[in-house]
Amino acid sequence: MSVPGPRIPASDVSATLARARLGVWPVVFIVMAAAAPLTVVAGGATTGYAVTGVTGIPVAYLAVAVALGLFSVGYVAMSRRVVNSGAFYSYVSRGLGRVPGVGASFVAVVAYATMQIGLYGGFGAVLAGRLQDWLGWPVPWVVCAFAAWAVIAVLGVRRIDFNGRVLAVVLLVEIAAAALFAVVHLTHPADGRVTIDTLVPSHLIGAGIGAALVTAVAGFVGFEGTAVFSEESKDPQRTVAKATYRAVAIIGLLYAFCAWAMSVATGPEHIVEAARADGTDLIFTLAAPYVGSFVVGLGQALFVTSLFAALLAFHHTVARYLFALGRERVLPAVLGRTSIRTRAPKVGSLVQSTLAASVLVVYAVAGWDPIVHLFFWLTVVGGLGVLILMTATSIAVIAYFARPANHDSISGWRRVIAPALAATALLWILVATIGQFHTLLGVEPGDPLRWIFPSAYVAAAVLGMLWALLLRTAKPDVYTGIGRGANSVTTEPAAPSGQPDPASAASGW
Amino acid sequence: MQAPHPLAAQATPGPAQPPRAPRGAMGVPYPDPRSAAAVPRPAAGRAPAPLQSRATVPAVARHATPEPRGRPVTASPPPPAHPDSLVQSTAPPRTRWPLLADDLFRLAHHDTTGRPLLHASVAGLGLAAALLAELAFTDAIVIENGQVRVVSRTAPPDVLAHTVLGQLAGEVAGHTVRTWLAFLSQTSHEQVALRLLRLGHVRVETARRLLTRSTTYVPTESHVAAWPWARLSTRLRQGKSLDRFDTVLAGLMVATDLHRRVLDGAPGHVFAGLRQMVAVAPPSLRLLLSHTEAAVGDAVLTGHKTPSQHM
């Protein structure tokens, strides 16, 4: 008796596996939940106006959407060729080499960790404000932040994530609420006329635009997660590409529309002072006279849940980055451990929780402002890190496809032109941002803080590259696996080819 | 003849008891599948390595009690009768199949309650790898360049292995190990549980919880269920070498992170020793193990396939 030979209509395997794969919209929902629209519109845009004093925030969102759309072209094209495709440093490793790759991985960890910790400030302050308004409880923001921290720390090690359907519903309600408030703002303009002053492209060459642009970049962070699904999507050629473009387009239009609507409601010349007066409540206070208190309350509640969802999403992102690097053994292998029962990247999660707790304690003791100094500063500094990564990734895409072996059947637009345009645009944003970093922080041009934050990334990158050089000589097998994430384990040479395997022979195999 | 297990003749320390007597799948030896009496080997196979090279196994013990693993296909196991006993295999009689997936299943579940110790998706991938390992172990398939290639279409004596080999051989376009792992992992847990159920090693318990119904496979005899754990844990902690079956089983344990549970509290050199022992597996199995570890890691990174874990 023998097993039958190949049968013709075959591939049971492909058909069965295809059923479990994701379509375009599920991917869009998963990544947009991390981008947390209401967090950005109610928190990022308003604080952006207040801190930078730049009125061109809406056009900055549009400009960044265009730049990231261009970036996505090459990013998506390369995502099919790299393993561990959710992580920017994998692209840098493949395109520019392993040494810059490790540098990028360190920058990525710092950037995402900073961004996640910054969100605690937003959550703590906003929830404390709500408790005061709704219940009259005078709870300090740091207590609210630590409450969220405790929940996130537990959810992180137990790998509990929100259900996809729940997320999709919350996301749609959030988008609907943001759009509704924007429509209310637009229908009640200051001085009775709708202006498009804040959408004029001339802002893009105005003073302080770098600060506005990096604020906008920070709002988009999370969209890059689409590439994680390149191996799990229905059609690897199209699903991820479509999902990425849709996510960027939806995010860009929504943010620009809502930020513009607020400026219409206050009048473009008053938006900055209004934002400074009302802070993250601006979007609600502008609409409050015209909608029921229930709608405002719902919007405020959604703002809190949106912040929480973003906190959890970025916590998982940091934990996964640390896990991937631990699995590669670029960072200590202990980070590559998971909880056996729940499959959570336990150690990575604990590391991030510990870091966050220390930062929160420092802020609480020093008495720094949770919205400006924690939420805005750290999320925007995180955004700067992601901007650096995206710039490096665009250049890596060009370098990768420049090798003759890699550019089969990929059009010139996707492998050279779009990535080059993206790299130029992102580099310009990066230069403008660093040149105007004091505007972003709202400090004097001579303040040392403006150099401290950006130089943290330089330090991370240099440290990473030195570490990579060390690995190259000390642990060549680890060096070979750089950028491959969980797959680095398969890079170990299986056996010296063509020769009997001495290890096996000695052991009785 | 398979080198016997020293533990079979001595008391096992720790909570697990050694099997009282050889019985059923746990109590009967399986011969070296590479020996002449085993499954016919592919022409391209390597020469069987001499068993005498296992210097650490005492020569006396080698002729003592037989290895308490494996299952005789034509023997009469405890009721219910295994469907395999009805299969007229062309393989020589007394061929035994290396039931790696059964032992991994035992390692991945609590020995008395049957409660799963691993996350469902990791258990699925591990058991899928174990099913492939059974075929690679018996040289029915080889794994090279990340692809699975069927080299022997001889029907395996085990029904489940037969099914899996049929699936592997039935695909015109070959697939990568990762694709096969993903595919087999969808059903591997249930399939292996059914194999244990057929032999009476587990019984089904269904519990109703709120809206869902959960099925637990409770071991019928906990000392049998605890045996792989006791065997591996003891040998590894004592720094003794593993036989070929246990080497692969240990590799599967590492790939699914179960070794941290089995070797809980053991000093670092035990873990290092384990990695070294697994590294001597033949290339096909080593590739399978590393791809399994990568698949488990990737499942952590993408991780949306966890419906049961969502709130």
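Protein chains in written order, with our numbering: chain A, 106 to 614; chain B, 20 to 330. We put the CB at the ideal spot given by N, CA and C, even for glycine.
In or out: residue i buried (at least 16 other Cβ within 10 Å) or exposed?
i, result
"B/R60", "For B/R60, the predicted model reports a pLDDT of 36, less than 50, meaning its position is unreliable; a value from the coordinates is still stated below. Classification for B/R60: buried."
"A/D296", "exposed"
"B/T109", "Unreliable placement is indicated for B/T109, whose pLDDT of 42 sits below 50; the coordinate value is still reported in the next sentence. B/T109 is exposed by the Cβ-count criterion."
"B/N164", "exposed"
"B/T311", "buried"
"B/P99", "Only weak support is given to the placement of B/P99: the predicted model assigns it a pLDDT of 40, under 50, and the value that follows is read from those uncertain coordinates. Exposed."
"B/L154", "buried"
"A/F663", "Residue numbering for chain A in the displayed model covers 106 to 614; residue 663 of chain A lies beyond these limits and cannot be assessed."
"B/Q71", "Note that B/Q71 has pLDDT 36, beneath the 50 cutoff, so the model's placement of it is unreliable and no number is given."
"B/A274", "buried"
"A/Q237", "exposed"
"A/V464", "buried"
Between residue i and residue j, which are expected to be in contact by the criterion C-beta below 8 Å, what is the C-beta distance as a whole number of angstroms?
i, j, result
"A/L304", "A/V164", "5 Å"
"A/V187", "B/L320", "Not really, about 13 Å apart at Cβ, beyond 8 Å."
"B/P237", "B/V221", "For the record, residue 237 of chain B in the displayed sequence is Val; it is not Pro. Indeed, because the Cβ distance is near 6 Å, the residues count as touching under 8 Å."
"B/A244", "B/R125", "5 Å"
"B/L137", "A/I445", "6 Å"
"A/G357", "A/A282", "A/G357 to A/A282, Cβ: 18 Å. No contact."
"A/N189", "A/G590", "3 Å"
Does any residue of chain A bring its CB to less than 7 Å from the CB of residue i?
i, result
"B/L320", "yes"
"B/D276", "yes"
"B/E312", "yes"
"B/S252", "no"
"B/A201", "yes"
"B/E209", "no"
"B/E153", "no"
"B/G143", "no"
"B/H128", "no"
"B/S241", "no"
"B/G287", "no"
"B/G258", "no"
"B/G316", "yes"
"B/S233", "no"
"B/S309", "yes"
"B/R280", "yes"
"B/H336", "Here chain B comprises residues numbered 20 to 330, so residue 336 of chain B is not present and cannot be evaluated."
Based on DSSP bridge pairs, tell me the residues matched to residue i.
i, result
"B/V221", "B/P238"
"B/H128", "B/P135"
"A/S338", "A/L127"
"B/S233", "B/A226"
"B/V161", "B/R168"
"B/T195", "B/Q166"
Mind checking if residue i is an interface residue toward chain B, Cβ cutoff 7 Å exclusive?
i, result
"A/T595", "yes"
"A/T331", "no"
"A/L430", "no"
"A/I445", "yes"
"A/P450", "yes"
"A/V396", "no"
"A/N511", "no"
"A/L416", "no"
"A/S454", "no"
"A/A591", "yes"
"A/L412", "no"
"A/L318", "no"
"A/T121", "yes"
"A/V118", "yes"
Taking a contact to mean a Cβ-Cβ separation below 7 Å, would you say residue i touches residue j in this structure?
i, j, result
"A/F286", "A/A140", "no"
"A/R126", "A/K347", "no"
"B/V196", "B/V315", "no"
"A/V118", "B/E190", "yes"
"A/F211", "A/G487", "no"
"A/E279", "A/L143", "yes"
"A/V423", "A/Y217", "yes"
"A/V452", "A/V467", "no"
"B/A147", "A/T595", "no"
"B/G258", "B/A300", "no"
"A/S411", "A/G261", "no"
"A/I493", "A/Y426", "no"
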